[in-house]
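> In the order they appear, the protein sequences are chains A and B. Number 142 in the numbering used here belongs to position 142 of the first sequence; there are no gaps in the numbering. Each position in the second sequence, counted from 1, maps to that position plus 472 in the numbering used here.
There are 2 protein chains.
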Amino acid sequence: MSKVTPQSQDFSKWYLDVVKEADMADYSKVKGCMVIKPYGYAIWENIQQELNQRIKEADVKNVYFPLLIPESFLNREKEHVEGFAPECAVVTHGGGKKLTENLVIRPTSETIMYDTFSEWIHSYRDLPLKINQWANVVRWEMRTRPFLRTTEFLWQEGHTAHSDKAGADTEAHRALQMYKDFDREFLALPVLTGVKSDKEKFAGALYTLTTEALARDGKVIQAGTSHNLGTTFAKSFNIKYQDVDGELKEVWQTSWGVSTRLVGTLIVVHGDEKGLRLPPKVAPIQIVIVPIYKTDEERDAVLKAANQIKNDLKRFRVQIDERTGVTPGFKFAEWEIKGVPARIEIGPRDLAKSECVIARRDTGEKVSYEQSELFTAMPKLLDEIQENLYQQALKFQQDNTRSADNYEDFKKILEEKGGFIISGWCGNEKCESKIKDETKATIRVISEEKHSGKCLMCGEKADKKVYFAKAY
Amino acid sequence: MSKVTPQSQDFSKWYLDVVKEADMADYSKVKGCMVIKPYGYAIWENIQQELNQRIKEADVKNVYFPLLIPESFLNREKEHVEGFAPECAVVTHGGGKKLTENLVIRPTSETIMYDTFSEWIHSYRDLPLKINQWANVVRWEMRTRPFLRTTEFLWQEGHTAHSDKAGADTEAHRALQMYKDFDREFLALPVLTGVKSDKEKFAGALYTLTTEALARDGKVIQAGTSHNLGTTFAKSFNIKYQDVDGELKEVWQTSWGVSTRLVGTLIVVHGDEKGLRLPPKVAPIQIVIVPIYKTDEERDAVLKAANQIKNDLKRFRVQIDERTGVTPGFKFAEWEIKGVPARIEIGPRDLAKSECVIARRDTGEKVSYEQSELFTAMPKLLDEIQENLYQQALKFQQDNTRSADNYEDFKKILEEKGGFIISGWCGNEKCESKIKDETKATIRVISEEKHSGKCLMCGEKADKKVYFAKAY
Numbered sequence: 001m002s003k004v005t006p007q008s009q010d011f012s013k014w015y016l017d018v019v020k021e022a023d024m025a026d027y028s029k030v031k032g033c034m035v036i037k038p039y040g041y042a043i044w045e046n047i048q049q050e051l052n053q054r055i056k057e058a059d060v061k062n063v064y065f066p067l068l069i070p071e072s073f074l075n076r077e078k079e080h081v082e083g084f085a086p087e088c089a090v091v092t093h094g095g096g097k098k099l100t101e102n103l104v105i106r107p108t109s110e111t112i113m114y115d116t117f118s119e120w121i122h123s124y125r126d127l128p129l130k131i132n133q134w135a136n137v138v139r140w141e142m143r144t145r146p147f148l149r150t151t152e153f154l155w156q157e158g159h160t161a162h163s164d165k166a167g168a169d170t171e172a173h174r175a176l177q178m179y180k181d182f183d184r185e186f187l188a189l190p191v192l193t194g195v196k197s198d199k200e201k202f203a204g205a206l207y208t209l210t211t212e213a214l215a216r217d218g219k220v221i222q223a224g225t226s227h228n229l230g231t232t233f234a235k236s237f238n239i240k241y242q243d244v245d246g247e248l249k250e251v252w253q254t255s256w257g258v259s260t261r262l263v264g265t266l267i268v269v270h271g272d273e274k275g276l277r278l279p280p281k282v283a284p285i286q287i288v289i290v291p292i293y294k295t296d297e298e299r300d301a302v303l304k305a306a307n308q309i310k311n312d313l314k315r316f317r318v319q320i321d322e323r324t325g326v327t328p329g330f331k332f333a334e335w336e337i338k339g340v341p342a343r344i345e346i347g348p349r350d351l352a353k354s355e356c357v358i359a360r361r362d363t364g365e366k367v368s369y370e371q372s373e374l375f376t377a378m379p380k381l382l383d384e385i386q387e388n389l390y391q392q393a394l395k396f397q398q399d400n401t402r403s404a405d406n407y408e409d410f411k412k413i414l415e416e417k418g419g420f421i422i423s424g425w426c427g428n429e430k431c432e433s434k435i436k437d438e439t440k441a442t443i444r445v446i447s448e449e450k451h452s453g454k455c456l457m458c459g460e461k462a463d464k465k466v467y468f469a470k471a472y
Numbered sequence: 473m474s475k476v477t478p479q480s481q482d483f484s485k486w487y488l489d490v491v492k493e494a495d496m497a498d499y500s501k502v503k504g505c506m507v508i509k510p511y512g513y514a515i516w517e518n519i520q521q522e523l524n525q526r527i528k529e530a531d532v533k534n535v536y537f538p539l540l541i542p543e544s545f546l547n548r549e550k551e552h553v554e555g556f557a558p559e560c561a562v563v564t565h566g567g568g569k570k571l572t573e574n575l576v577i578r579p580t581s582e583t584i585m586y587d588t589f590s591e592w593i594h595s596y597r598d599l600p601l602k603i604n605q606w607a608n609v610v611r612w613e614m615r616t617r618p619f620l621r622t623t624e625f626l627w628q629e630g631h632t633a634h635s636d637k638a639g640a641d642t643e644a645h646r647a648l649q650m651y652k653d654f655d656r657e658f659l660a661l662p663v664l665t666g667v668k669s670d671k672e673k674f675a676g677a678l679y680t681l682t683t684e685a686l687a688r689d690g691k692v693i694q695a696g697t698s699h700n701l702g703t704t705f706a707k708s709f710n711i712k713y714q715d716v717d718g719e720l721k722e723v724w725q726t727s728w729g730v731s732t733r734l735v736g737t738l739i740v741v742h743g744d745e746k747g748l749r750l751p752p753k754v755a756p757i758q759i760v761i762v763p764i765y766k767t768d769e770e771r772d773a774v775l776k777a778a779n780q781i782k783n784d785l786k787r788f789r790v791q792i793d794e795r796t797g798v799t800p801g802f803k804f805a806e807w808e809i810k811g812v813p814a815r816i817e818i819g820p821r822d823l824a825k826s827e828c829v830i831a832r833r834d835t836g837e838k839v840s841y842e843q844s845e846l847f848t849a850m851p852k853l854l855d856e857i858q859e860n861l862y863q864q865a866l867k868f869q870q871d872n873t874r875s876a877d878n879y880e881d882f883k884k885i886l887e888e889k890g891g892f893i894i895s896g897w898c899g900n901e902k903c904e905s906k907i908k909d910e911t912k913a914t915i916r917v918i919s920e921e922k923h924s925g926k927c928l929m930c931g932e933k934a935d936k937k938v939y940f941a942k943a944y
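1. Pair every Cβ in the segment 293-312 of chain A with every Cβ in the segment 334-351 of chain A, then say whether three or more of these pairs are closer than 8 Å.
2. Excluding the 5 residues flanking B/T697 on each side, which residues of the same chain have their C-beta closer than 6 Å to its C-beta?
3. For B/K838, I'd like the list of residues in its chain whose CB is within less than 6 Å of its CB, leaving aside the five on either flank, ordered along the chain.
4. Quick check on the burial criterion: 16 or more other C-beta atoms within 10 angstroms. Buried or exposed for A/V244?
5. Assuming the contact rule is C-beta atoms closer than 8 Å, A/A393 and A/P190 should be a hit. Round their C-beta distance to whole Å, please.
6. Are the C-beta atoms of A/I320 and some chain B residue less than 8 Å apart?
7. Which whole-angstrom value is the C-beta distance of A/E101 and A/S72, which I expect to be below 8 Å?
8. Give me, in chain order, the residues of the same chain whose beta-carbon lies closer than 7 Å to that of A/A205; leave out the 5 immediate sequence neighbours on both sides.
9. Unbroken beta strand (DSSP E) runs of length 3 or more, entirely within the segment 34-69 of chain A: which are they?
10. Helix, strand or coil for B/Y662, going by three-state DSSP, please let me know.
11. What does the Cβ neighbour count give for B/R795, buried or exposed, with the cut at 16 atoms within 10 Å?
12. Going by DSSP in three states, B/F968 sits in which element: helix, strand or coil?
13. Assuming the contact rule is C-beta atoms closer than 8 Å, A/V258 and A/A223 should be a hit. Round their C-beta distance to whole Å, please.
14. Return the residues of the segment 8-41 of chain A that lie within a Cβ-Cβ distance of less than 7 Å from chain B, sorted by chain order.
15. Listed from N- to C-terminal order along the chain, which residues in the segment 58-82 of chain A have their beta-carbon within a distance smaller than 9 Å of any beta-carbon of chain B?
16. Which bits of chain B does A/T327 rub up against, with CB to CB less than 7 Å?
17. By alpha-carbon positions, which one of A/A404, A/E370, A/D383, A/A22 ends up nearest to A/D362?
18. Mark A/R106 as exposed unless 16 or more other C-beta atoms lie within 10 angstroms of its C-beta, in which case mark it buried.
19. Reducing DSSP to helix, strand and coil, say where A/T295 ends up.
20. Of all the residues that make up the segment 590-610 of chain B, which are near chain A by a beta-carbon distance shorter than 9 Å?
21. Answer yes or no: does any C-beta atom of chain A fall closer than 8 Å to that of B/E672?
22. Using a Cβ-Cβ distance cut-off of 8 Å, determine whether B/G718 contacts chain A.
23. Chain A beta carbons: is any one of them nearer than 8 Å to that of B/E629?
24. Using 8 Å as the threshold, is the C-beta distance between B/A494 and B/L748 below it?
25. What does DSSP give as the partner residue(s) for B/W728 in the beta ladder?
26. Looking only at C-alpha atoms, which of B/W724, B/A607, B/R621 sits nearest to B/E613?
27. Please name the residue in A/E415, A/V4, A/K464 whose C-alpha comes closest to that of A/K523.
28. Spatial neighbours of B/E953 within its chain, please: CB distance less than 8 Å, with the 5 preceding and 5 following residues excluded, ordered by chain position.
29. Which value, in whole angstroms, describes the spacing of the CA atoms of A/G129 and B/W728?
30. Step through the CB atoms of chain A and report whether any lies within less than 8 Å of the CB of B/H565.
31. Taking all protein chains shown into account, do 16 or more other C-beta atoms lie within 10 angstroms of the C-beta of B/Q525, making it buried, or fewer, making it exposed?
32. By how many angstroms is the C-alpha of A/F420 removed from the C-alpha of A/R402?
33. Could you give the distance in angstroms between the alpha-carbon of A/I413 and the alpha-carbon of A/Q9?
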């Protein structure tokens with residue numbers, strides 16, 4: 001009997017079962033915080049390593065700013081503090097004494113960084129300034145779920161300053177494209193991209209760009225965001241530079257980030273009834289070899305062949321499951337829950353033919369291979385699995401993106417099917433809020449394409465084509 | 473004129489000048505916390521990458537535990553809380569409300585981790601358990617100095633559990649040896665290793681092993697520690713396993729860590745009057761090429777050759793300093809402050825002979841090379857620089873390790889020369905404390921060798937050979 005509740009029966013329970021049974025994370029006794037276990041952390045480490053390289057290729061330098069932010073810094077930007085103050089953890093005592101000024105644990109680092117930016121930036125020659133940090137942040141959350149929403153999470157936050165709006169626009173879009181490419185190429189995640197409505201944008205931003213992924217329960221996850229901050233923070237933190245013409249001007253800024261939420265996104269986009277399905281590129285174990293034998297003699301021969309195969313495939317992350325006391329069937333189920341992309345089964349009968357069986361996690365298909373062809377066949381097979389997971393997720397996203405011209409149809413689709421719903425919107429926040437209040441659906445992105453039709457809510461002329469969905 | 477105060481004039485000021493002029497870190501407005509700038513962070517990233525690999529080779533798995541620890545957890549182990557509570561930053565409010573229980577920001581993670589260990593460990597089959605995390609920690613410090621002592625710092629902390637004392641002993645010594653090898657091979661740091669006195673050991677440990685490096689001002693830095701925690705925490709956190717014989721037993725534990733302090737250690741051990749000197753393996757820039765020219769025509773030819781050299785040396789981290797508006801001499805001084813191991817100077821006269829000049833940062837020596845031999849000569853040269861920095865530091869350490877048989881000599885050496893002073897100690901904490909109170913010198917390590925002579929302080933028979941020094 002499977003240890004995992006069927007997705008169709010209770011998706012939330014399925015999710016928690018997968019996190020537990022795949023040994024990815026544990027609850028901690030600190031409210032809303034999780035313990036990331038080795039298997040979950042290895043996925044995050046792979047994400048970090050690959051994304052870190054892409055960030056560096058864009059000539060962004062890594063730095064580290066303090067965890068603690070003076071409350072007065074947060075208060076300097078009105079919209080920003082309104083957005084984040086209710087979520088802050090506050091340090092009032094240090095070294096046994098009450099502090100003269102409270103410190104908040106960073107919910108994001110704009111304010112602590114930009115105070116320093118004002119000291120680093122003087123001239124047009126100091127621009128663009130492009131930095132990034134890998135760090136933990138804390139946002140007090142009421143309802144949490146491992147990886148998807150936790151009080152403390154790990155992330156990277158890029159912060160840049162430019163001489164003009166065009167520079168910040170370009171950077172905000174570069175970061176968005178970097179995330180989209182990374183999601184597609186490394187995580188096999190199709191994402192919808194676009195701009196957020198003012199109601200949904202980052203607190204303090206001019207505009208927010210976003211990558212949105214569709215989970216298999218029809219709900220949507222904000223997987224990464226990139227903000228053009230305009231000159232809002234430059235004004236609050238007095239970040240000015242002397243331009244070529246000698247004039248003193250405010251900088252234009254961006255910030256952009258992705259977090260451990262990406263690990264949760266992998267689970268809800270690729271997971272199936274049996275558990276996790278990991279794209280090979282991000283999988284901590286890409287290939288598991290399960291030896292099958294009855295006698296000691298068989299065992300020696302099979303393990304010898306298994307080690308030979310492991311050696312042939314050493315450019316990959318391969319593990320032989322040598323455990324005794326559990327059946328091959330038990331092992332199969334466990335590696336399926338953990339989402340290992342390819343499983344090699346090898347027993348005496350395979351040995352006799354110099355073959356082995358490969359079971360693909362993405363399709364469940366089992367195919368026999370000559371042992372000698374694995375060296376050339378495996379790279380192709382893993383590429384195929386990577387691509388197939390992407391195509392499956394893309395098809396699911398396309399099949400679950402529907403249009404609704406009127407509110408009745410909209411509610412019906414939302415209720416019965418979920419997914420993205422394309423509609424017209426007049427641009428009025430009242431309509432947006434009313435739809436959210438009545439249906440819990442929010443505008444995930446505003447399309448670049450223009451709409452010609454009516455607003456879903458008020459029926460007035462609407463030129464905005466928007467994607468609605470219920471979100472995590 | 474140099475931007476760096478001479479070491480001999482004011483070592484502390486020299487240190488701060490180097491940190492500032494090499495662009496490694498900035499002060500932040502949060503008390504005792506620093507901003508790690510790109511050049512400083514790149515050094516830390518290189519340390520992380522190399523050490524992370526060595527940790528994984530020892531079959532230790534990376535994880536992540538919460539930043540915040542319930543105060544009651546800290547209170548469960550008496551010695552531990554006495555050691556750390558005075559240094560804690562305390563969160564009393566979260567999400568706009570007063571918390572029912574205060575949370576401390578981790579000063580170290582024993583208590584939050586071991587509460588979970590009691591759930592992970594049930595049987596002898598769960599042992600040894602070996603995990604590590606890369607994280608930030610906060611300890612409220614009165615007197616801080618960038619990298620060497622900061623309120624927040626970055627580190628790795630390894631934590632293991634074993635079935636018996638022998639297992640924990642072996643692991644504590646393995647971690648110590650890993651640090652010693654890493655210091656020697658990657659950072660070119662000679663370190664003195666040994667066990668701490670009870671007064672100086674980690675709060676809650678059975679014993680503490682340490683690596684101690686000697687700075688060029690004669691003061692000593694604790695660069696890394698490894699603790700055998702005995703069964704102290706197993707008792708407080710109820711971590712028990714059922715042994716093969718069916719009996720319920722307490723686990724034996726270790727923890728071990730190094731931090732961003734290693735970056736400061738590199739500075740004070742290898743630095744010279746001109747600034748930083750980085751061992752090639754850890755240097756963010758291993759080779760800098762400074763083109764020298766007067767006319768545009770010369771510039772084109774020289775830059776072409778510089779790029780050819782860069783390409784020949786692409787297995788290394790190479791940068792061409794193409795800045796205009798500053799003289800080659802200005803550039804030389806700047807790269808010397810930043811400690812780049814090898815500088816290649818190339819001008820029209822070198823071009824004519826297909827040569828270039830290499831200036832070694834470790835010796836200051838300048839030698840001409842054929843451009844065509846760089847590909848084979850540079851790896852050897854960088855190895856030589858790496859080894860020479862180690863040998864220089866080792867010689868300094870040996871030259872500054874002296875013996876004292878009586879307290880008068882001891883004080884004289886301490887006052888006039890500093891460094892390590894080998895003496896006899898009876899083992900009584902009163903003598904140790906009195907020496908510390910009167911001279912500020914502490915026992916850095918107790919040697920494995922036995923002493924035959926008298927105690928420095930009380931004159932009683934002393935069988936402990938100890939290394940005293942003033943420490944950072």
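C-beta: ideal position from N, C-alpha, C; glycine also.
The short version:
1. yes
2. T680, T682
3. Answer for B/K838: V829, A831, listed in chain order.
4. exposed
5. 5 Å
6. False, the Cβ-Cβ gap to chain B never drops below 8 Å.
7. With a contact defined as Cβ atoms closer than 8 Å, A/E101 and A/S72 qualify at about 6 Å.
8. H227, N228, L229.
9. 34-36
10. In the sequence as presented, Tyr is not what sits at residue 662 of chain B; that position holds Pro. Of the three classes helix, strand and coil, the one that applies to B/P662 here is coil, per DSSP.
11. Label assigned to B/R795: exposed.
12. Nothing about residue 968 of chain B can be reported from this structure: the residues present for chain B run from 473 to 944 only.
13. Yes, A/V258 and A/A223 are in contact; Cβ-Cβ is about 7 Å, under 8 Å.
14. D26, S28, K29, V30, C33, V35, I36, K37, P38, Y41
15. K61, N62, V63, Y64, F65, P66, L67, L68, I69, P70, F73
16. What A/T327 touches in chain B: nothing, since even the nearest Cβ is about 18 Å away.
17. A/D362 has its Cα closest to that of A/D383, out of A/A404, A/E370, A/D383, A/A22.
18. By the neighbour-count rule (16 or more Cβ atoms within 10 Å), A/R106 is buried.
19. DSSP, reduced to helix, strand and coil, places A/T295 outside both helices and strands of the structure shown, so it counts as coil.
20. E591, W592, I603, Q605, A607, N608, V610
21. no
22. no
23. no
24. yes
25. B/G630, B/S698
26. B/R621
27. Residue 523 of chain A lies beyond the range of chain A shown here (1 to 472); nothing can be said about it.
28. In this structure chain B extends from 473 to 944, so residue 953 of chain B is not present and cannot be described.
29. Here residue 129 of chain A is Leu; the residue named in the question, Gly, does not match the sequence. Distance between the alpha carbons of A/L129 and B/W728: 37 Å.
30. yes
31. Answer is exposed; the Cβ neighbour count stays below 16.
32. Looking at the two C-alpha atoms, the distance is approximately 6 Å.
33. Approximately 20 Å between the Cα atoms of the pair.
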